[in-house]
Amino acid sequence: MEFVMEFTPTEKQAVVSLMIGIIEADGWIDEEEIEFADEVLDAIECTDEDFELGQDMPLLPALVTVRRMTDEQKEAVAQVISATIVADRIITLEEAAIFDWVSELTGIDDILDDDQIIPQEELNDLASEAD
657 MEFVMEFTPT EKQAVVSLMI GIIEADGWID EEEIEFADEV LDAIECTDED
707 FELGQDMPLL PALVTVRRMT DEQKEAVAQV ISATIVADRI ITLEEAAIFD
757 WVSELTGIDD ILDDDQIIPQ EELNDLASEA D
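Taking the working numbering, the leading residue of the sequence shown gets 657, the next gets one more, and so forth.
Rendered as structure tokens:
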């Protein structure tokens with residue numbers, strides 16, 4: 657995974673916070689999720705300090721930080737979030753709900769084309785098939 661844009665330390669911390677929230681959403685932390693997270697953190701040049709601060713960043717400040725990002729950065733965050741959800745090849749209702757919630761609260765859903773967003777019904781169907 658490679659990003660051509662820069663993220664500030666606070667933005668990197670917000671990405672960490674959101675990724676951790678999604679990884680922990682289903683109650684299971686899978687090796688594929690950890691490997692994917694490591695790839696993302698390397699791609700955005702997340703330092704150990706950024707990671708530690710991101711772990712401690714509550715979701716509300718993380719959401720506000722993402723909301724203030726450029727549209728291009730929001731698109732990258734949307735890719736990270738959706739790829740994190742499918743990293744373990746299982747989509748749960750909790751993960752689908754978090755994606756929907758984060759997209760709505762951060763304005764990501766406003767910048768993505770309809771064909772870039774998996775409809776909530778389809779996410780729910782995929783999640784119920786996995787259960």
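No residue lacks a Cβ here, since even glycine has one placed at the ideal position from N, Cα and C.
Own chain partners of residue i with C-beta closer than 6 Å, once the 5 adjacent residues on each side are dropped
i: S759; result: D765
i: P665; result: D706
i: F663; result: I700
i: M675; result: A693 and T740
i: I690; result: none
i: Q772; result: Summary for Q772: the model assigns pLDDT 47, below 50, so the residue's position carries little reliability; its value from the coordinates is reported in the next sentence. Nothing listed; no residue qualifies.
Neighbourhood of residue i by C-beta, 7 Å cutoff - its chain only, sequence neighbours within 5 removed
i: T762; result: L719, V722, R723 and K730
i: I741; result: I678, I747, E751 and F755
i: F692; result: A739, T740 and A743
i: C702; result: K668 and V672
Inter-residue CB distance, residue i and residue j (contact presumed, cutoff 8 Å)
i: Q735; j: G710; result: Actually they are not in contact, since the Cβ atoms of Q735 and G710 sit about 18 Å apart, beyond 8 Å.
i: D727; j: I767; result: 5 Å
i: E667; j: M725; result: 6 Å
Contact set for residue i: own chain, Cβ-Cβ below 8 Å, skip 5 residues either direction
i: P714; result: S673
i: L716; result: none
Proximity to residue i [Cα-Cα], best of the options
i: V671; options: E680, I737, F692 and D704; result: I737
Any C-beta of chain D under 9 Å from that of residue i
i: T740; result: Included in the structure is just one protein chain, with no chain D present.
Any contact of the stretch 685 to 692 with the stretch 734 to 753, i.e. 3+ C-beta pairs under 8 Å?
yes
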